[in-house]
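Protein chains in written order, with the numbering used here: chain W, 15 to 310; chain B, 2 to 599; chain L, 73 to 388.
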Amino acid sequence: MATVEIVRRSAMGRALRLFLGESKTLAGFLVWAGIAIVVFFVILAVFAPWIAPHDPNEVITTTAQPPSAAHPFGTNRLGQDILSRVIWGARIPLTVVALASAIAIAVGAPAGLLSGFYGGPMDRFLVLVMDSIYAFPGLLLAIVVAAVIGPGVVNVSLVIALVYAPTYFRVIRNHVVAVKEELFVEAADALALPRTTVIGRYVLPSVAQSIPVIFSVSAADAILTQAGLSFLGLGLPVDIPDWGVDASRYAGLFATMWWGVFFPGLMIIILTTALAFISEGLNDILNPLLRRKGAR
Amino acid sequence: MTMAAPLVRAKDMKVHYPLFKGFLQRLFGGGRLVVRALDGVSFEVRRGEIFGLVGESGCGKSTAGRALMGLTPITDGEIVLEFPEEAAGREERVRPLGLRLVCLAWWAAAAVHLADAAGFALTGSAFLPLGLMASTPGIYLALVGGAATALAGLGLALWMLQPWSRRPARVVAGINAILAFAIMPWGLFEVAMESAIVAYLGTPGPVGLLRRSGWLVPATRFTLRKEGVLEGAEDDEDPPWSERWLLGPRAVKTAGLSWVLKQLRAKVQIVYQDPHAAMSPGMTIGESIGHALRAHGTSTVAGAAAGSLERSREPAREDVRASALRLLEDVGLRPPEQFHDRLSTELSGGQKQRAVIARALAPRPLLLVADEPVALLDMSIRAMVLDLLLDLKRRYGLTYVFITHDLATAKLVCDRIAIMYLGRIVEMGEASRIYADPKHPYTKALLDAIPIPDPARRRTKVLPKGEVPDAVFPPAGCRFHPRCPVALPSCGWEGRDFLEYLEERRLDPATLAAEEEAFGEIPDWSAEGPLASRKLPPEKAEALATRVREALEEAPVPLRKAVASVGVEGDYVRIRFRPPAVLAPKEVEGRTVECLLY
Amino acid sequence: MSLLEIRALTVRYKSRAGPVPAVQDLDLDLEKGKTLGLVGESGCGKSTLGKAVLRILPERTEVLGSIRFAGKDLVAASAADLQAIRGYNVSLIFQDPMTRLDPLMTIEDHFLELLRSHESEIEDDAARERAKTVLTAVRIPPDRMGQYPHEFSGGMRQRIMIALALVFNPTLLIADEPTTSLDVIVEAQILHLLDSIKRDFDMGVMLITHNLGLVAEYADEMAVMYAGRIVERGHVPEVFRDPLHPYTKGLLESVIDLDTKALTSIPGQPPDLLDPPKGCAFHPRCAAVMAQCSSAVPPVTRPREGRETRCYLYPG
């Protein structure tokens, strides 16, 4: 029972309750819808071996066939079932985005936190570096770096992490600089609390709220970037089922074989939109909370 | 027993903030504007008294209070804080031999490592991994350097085991020791790490070791010194001694919070004006207080008398909670268990301020700086919080520096007060004497302006005109002179005052046109120190000069008499003012006043 | 007929936790040429009342009852009517002038915009003249009209706000804590100014404040608010000399002035408007509490000539 109490009273618990309380509004609905869709894709990806009707690389037919009862999404020119390819194809984007976001947060957030808190020459230097990276159009930067370091899931994740780490860095750093000026942070200093406590318990909670929002925005963008890289043949080996790869192969044949590019492309759009829903909704929910907290 | 030294002695404190107006000015420096928040403030606070710093906003009272704690660095002057022996915990008297050895080892290691690094540079190799040195001298240097590092690391590790160090430092030292053994040639890295640790911990260098007392923090921007001072007779078995702290200019704000500064914070705490902003919104009251208790290792041992304490290294969780509850009880938040687990946003203003006070008391300070503690509270709650502060003072033997703009509250609460205006103290002394018979015209004006809640005593007030001027350009001489109803000609009149006077003449719409015709637009005039000038072709200059003389005849007496000359000098019509008399604080009837009237 | 006549006014905010009654069943009168001091501590509803007159309230706020200004009911008035009155017949000045003045507009721009909003055909020069007149009345040098708000001090900004409020010669001025953020000398200057302007322009002034000293020095009539209701009303010298309601007594005693010898306060906390005490909202903190105080809200009674209170100690 004590644990329940602690969870209830803890900051996370409170945030979660506030979050749950918002489901009745439009913003709340958007967030839940987005989460549901993402969860759906995750299930597809994880349970692909059991859900997909065929092996994605298995050649079943001899020619490309339009959607039918046997092959609801049709088959491609190699005779592979597109539905199975689409289901298996969820793995790469989700893996890459999850990994890339994890790396970006792991690098960008602490850097932003410490840089904003301590300031000084280190801060100026980091801001310069991050801003330079940020100034590059994301896809362009991804293409250049991917071309240099070569294909592979981990490499693609690193590339995308590089593109988005500056966003985390900037937002968190700027937020930290603002929160640092708050009286309660100065009060913590005046009490000679250890630095780790001040940063971890006084500054970080206010700032951490921005992370989910940045995450969903950049994740949506990351999906597109990853798909773009695959589309250009830069990210992954060719035989792994991936929406971007598949879409690229059949983009030119849209007139004769619309189902080749349509279904993988549709998945990209749906996932991106779902992530956008989450970010929009979170933004709507968290901002009024911030305002209300600050308004006192 | 000798006369107890005052707890706080501030001498000629100055706090000047540079003001950057515009990018270009910053780029080319030169002629920087400075906000003179405090411009030479001296006072003393005696043990056990409530010393009031009173004034309007911008007078520097908050800055002075914060400077006492080292929250705001002073740019000139000095502050001496002296705490009696009861406050010094037992451990602080101990100066372990091990620490001195470590410091010597550190300096030695640093020297060797620098030589190490130079050696690498000279022999053409750098940061080579284990065992791949390119030259014999390099090997020897690296080995010696590594050994020294190892020693230093061990020494630091030993020292870390002392009770009053901090866990992160211990961890770092441990890692350092391991690295020293494993990766010997990483000389520069070692030096950097150790320098960081040492600066962080504020340990003394060899200079300090040569002194009998004194812990001088090495080589950085600190000028923060702590001394042990022996008092008492020669033949005392165990002479009482006090801790004296010296804060000089550039005594750092909390950046790189050192162990030394932390000890100071245990003795001086601050209560802020805005209770809502001072408490972290996401934390419970218990958490906030708990952090403070843990940081200073204070916990009340069961059975110990109120006010006494044993500083334990890492108090157990229950001890912290018990102490926190005790503090909440002390500040009147009952039942303490309920308040302990409430979020700060769930409390009312008065309750929150009590919680802030409880938190400030967690390190068991001796001096409390109360920065407008009741200004934002409702009237019916103010009395309760003030009562609480007085009660706590009695119980714990605290000393207060009470900062407020409300003279009525100060009268009720303070023993001695200092009235401040634009960065200087204009009147200081025993509160009862000042209120009974205020000497400085500003004090009188402040007292007069306070609204009296009794309609039967409505009166017409003589208010000083204008408002508190900009702290970047304080008036010359006595800063209050442009607004003072009883100013003298020697009070510091200058060019600016003449322009003010011209502006005042044209406030009446009837004369506006005539004034503009006679003297032109105010921006055409310029004022520099004792001069007010206007550039004008010579044929019109004499006429203007005559009009100026006429206008001065109608001016207030002190302004008129302060004018040395009005004349035409080249292209300019110039009005020159006499230099002001030197202003210094004087003893008048039991208080100090800074005014030429005395 | 009073300049401002409020009857049975109730204002309820919509909040997540339910409707919050900021003002309840309130009656008030304000005469021309007089200053009414509206006193109370934080949360009592006095600011809400001030804003309710001109309906400067958040959306979805319920306003019931009647507010008659010069005979016209403002509660029933249309948005257009209210817009015509705001700043023209009834002006409102606030606590913090910096947040109310647009930092990107010069003072001159402020005046031009204001004058044009009510008199759209006015010429620039004529507008400037009007601005100069009113700025002189508040002792701001008119040649500083071209400057921006941040170039003025706090006291001067408040005077500029007053000037903006006066430019159309309103008959009613509502001042919501106009000097709370100012120092005591500037406060005295501003209130002195307001007082003389009131006489020169023959206005009615509603002074909303928590500072009883100001009420004693500048108000003719006063009303004390607690938890959204007026608990005492009357002529200022009489209320101070002989307070009826226990809250008024407590408040007067807790004021710290130069003659205070001891600290007295009112025990307890201000009420939670979402869950107020039953009956008289003050009864948990009242020294003279009786059995009936927790049963129902006491009705308004007039125990003496010209005095009004809501307390069971003074039955009608």
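The beta carbon of each residue, even a glycine, is placed where N, CA and C say it ideally should be.
For this session: Flag this pair as yes or no: are the beta carbons of L:L323 and L:I302 separated by less than 9 angstroms?
Result: It is not a contact, given that the beta carbons lie outside the stated cut-off.
For this session: Identify each residue in the region 45–66 of chain B for which the Cβ-Cβ distance to at least one residue of chain W is less than 7 angstroms, and report them in chain order.
Result: Listed in sequence order: no entries.
Exercise. Grouping DSSP H, G and I as helix and E and B as strand, with all else coil, what is B:K462?
Worked result: Residue state, collapsed to three classes: coil.
Exercise. Got a sec: is the Cβ-Cβ distance from B:V16 to anything in chain W below 9 angstroms?
Worked result: Judged by the 9 angstroms Cβ criterion, B:V16 is not in contact with chain W.
For this session: Give, in chain order, every residue of the region 116–129 of chain W whose Cβ lies closer than 7 angstroms to some Cβ of chain B.
Result: Residues passing the 7 angstroms Cβ filter: none.
Exercise. Does DSSP put L:H282 in a helix, in a strand, or in coil?
Worked result: In this structure, L:H282 counts as coil in the three-state DSSP scheme.
Exercise. Going by Cα to Cα distance, which pick from B:R535, B:P470, B:P364, B:E595 is closest to B:Y397?
Worked result: When C-alpha distances from B:Y397 are compared across B:R535, B:P470, B:P364, B:E595, the shortest belongs to B:P364.
Exercise. Looking only at C-alpha atoms, which of W:G103, W:I51, W:V199 sits nearest to W:H68?
Worked result: Of the residues W:G103, W:I51, W:V199, the one whose Cα lies closest to the Cα of W:H68 is W:G103.
Problem set entry | 7 angstroms Cβ shell around W:T286 - same chain, five flanking residues per side excluded | Answer for W:T286: A234, I237, L238, listed in chain order.
Exercise. Taking Cβ positions only, does L:G90 come closer than 9 angstroms to chain B?
Worked result: No, no contact with chain B.
Problem set entry | Three-state class that DSSP yields for L:A247 in the structure shown | Note: L:A247 maps to strand in three-state DSSP.
Exercise. Is L:Q96 buried or exposed, if buried means 16 or more other CB atoms sit within 10 Å of its CB?
Worked result: Buried, because 16 or more other Cβ atoms sit within 10 Å of the Cβ of L:Q96.
For this session: Give the range of the beta strand (DSSP E) segment to which B:M284 is assigned.
Result: From DSSP, B:M284 is part of no beta strand (DSSP E); its letter is neither H nor E.
Problem set entry | B:K268 to B:R417 span [Cα, whole Å] | Spanning the two alpha carbons is a distance of roughly 21 angstroms.
For this session: Within the region 206–233 of chain W, note down every full alpha helix (DSSP H) run reaching 4 residues or more, in order along the chain.
Result: For the alpha helix (DSSP H) assignment, the uninterrupted runs of no fewer than 4 residues enclosed by the region 206–233 of chain W are, from N- to C-terminal side, 218–222.
Problem set entry | First through last residue of the alpha helix (DSSP H) which encompasses W:P102 | A small correction: the amino acid at residue 102 of chain W is Trp; Pro does not occupy that position in the sequence shown. Its alpha helix (DSSP H) spans residues 96–103.
Problem set entry | Backbone secondary structure at L:L207 - three-state DSSP | Reduced to three states, the DSSP call for L:L207 is helix.
Exercise. Using the C-alpha atoms, what's the distance from L:A334 back to L:V372?
Worked result: Approximately 33 angstroms, taken between the alpha carbons.
For this session: Take the Cβ of B:E522 as the centre, count every other Cβ of all protein chains shown within 10 Å, and call the residue buried at 16 or more, exposed below.
Result: In summary, B:E522 is exposed, with fewer than 16 beta-carbon neighbours lying within 10 Å of its beta-carbon over all protein chains present.
Problem set entry | Straight-line Cα distance separating B:V375 from B:R506 | Straight-line measurement puts the Cα of B:V375 at about 42 angstroms from the Cα of B:R506.
Problem set entry | B:Q352 burial status per 10 Å Cβ neighbour count (16 or more: buried) | Answer is buried; the Cβ neighbour count reaches 16.
For this session: Could you tell me the boundaries of the alpha helix (DSSP H) in which W:I366 lies?
Result: Outside the displayed span of chain W (15 to 310) sits residue 366 of chain W, for which this structure offers no information.
For this session: Less than 8 angstroms between the CB atoms is what I'm expecting for B:I1 and B:D372, so what's the real figure, rounded?
Result: The structure shown does not extend to residue 1 of chain B, since chain B is modelled only from 2 through 599, so no value can be given for it.
For this session: Express the C-alpha separation of B:L265 and B:P85 in angstroms, rounding to a whole number.
Result: Taking the straight line from one Cα to the other gives about 13 angstroms.
Exercise. Is it right to say L:H389 is buried, meaning 16 or more other beta carbons lie within 10 angstroms of its own, or is it exposed?
Worked result: The structure shown has nothing for residue 389 of chain L, since chain L only spans 73 to 388.
Exercise. Does the beta-carbon of W:T77 have 16 or more other beta-carbons within 10 angstroms, so that it is buried, or is it exposed?
Worked result: W:T77 is exposed by the Cβ-count criterion.
Exercise. Exposed or buried, B:G56, counting other C-beta atoms within 10 Å across all chains shown (16 or more means buried)?
Worked result: By the C-beta density criterion, B:G56 is buried, having at least 16 other C-beta atoms within 10 angstroms.
Exercise. If you count every other CB in all the chains shown that lies within 10 Å of the CB of B:F223, and 16 or more means buried, which is it?
Worked result: For B:F223, the predicted structure reports a pLDDT of 32, less than 50, and the residue's modelled location is therefore unreliable. A value from the coordinates is still provided. With 16 or more neighbouring CB atoms inside 10 Å of its own CB, B:F223 falls in the buried class.
Exercise. Cβ of B:E501 within 9 angstroms of Cβ of B:P486?
Worked result: Cβ atoms of B:E501 and B:P486: not closer than 9 angstroms.
Exercise. Skipping 5 residues on each side, what residues in its chain have a beta carbon closer than 6 angstroms to that of L:L238?
Worked result: Scanning its chain for C-beta atoms nearer than 6 angstroms, with the 5 sequence neighbours on each side dropped, one finds around L:L238 the residues V206, in chain order.
Exercise. Between the beta-carbon of W:V52 and the beta-carbon of W:W257, is there less than 9 angstroms?
Worked result: Not closer than 9 angstroms, so no.
For this session: May I ask you to report which of helix, strand or coil DSSP gives W:L246?
Result: Here DSSP, grouped into helix, strand and coil, assigns W:L246 to coil.
Exercise. Between the region 10–21 of chain B and the region 61–81 of chain B, are three or more C-beta pairs nearer than 8 angstroms?
Worked result: Short answer: they touch.
Exercise. Looking at C-beta atoms only, is the number of pairs between the region 200–213 of chain W and the region 262–277 of chain W that lie closer than 8 angstroms three or more?
Worked result: Taking one beta carbon from each stretch, the region 200–213 of chain W and the region 262–277 of chain W have fewer than 3 pairs nearer than 8 angstroms; the two do not touch.
Exercise. Would you call B:P538 buried or exposed, if buried means 16 or more other Cβ atoms sit within 10 Å of its Cβ?
Worked result: By the 16-neighbour rule on beta-carbons within 10 angstroms, B:P538 is exposed.
For this session: Could you tell me if L:A353 is buried or exposed, where buried requires 16 or more neighbouring beta carbons within 10 angstroms of its beta carbon?
Result: With a threshold of 16 other beta carbon atoms within 10 Å, L:A353 meets it and is buried.
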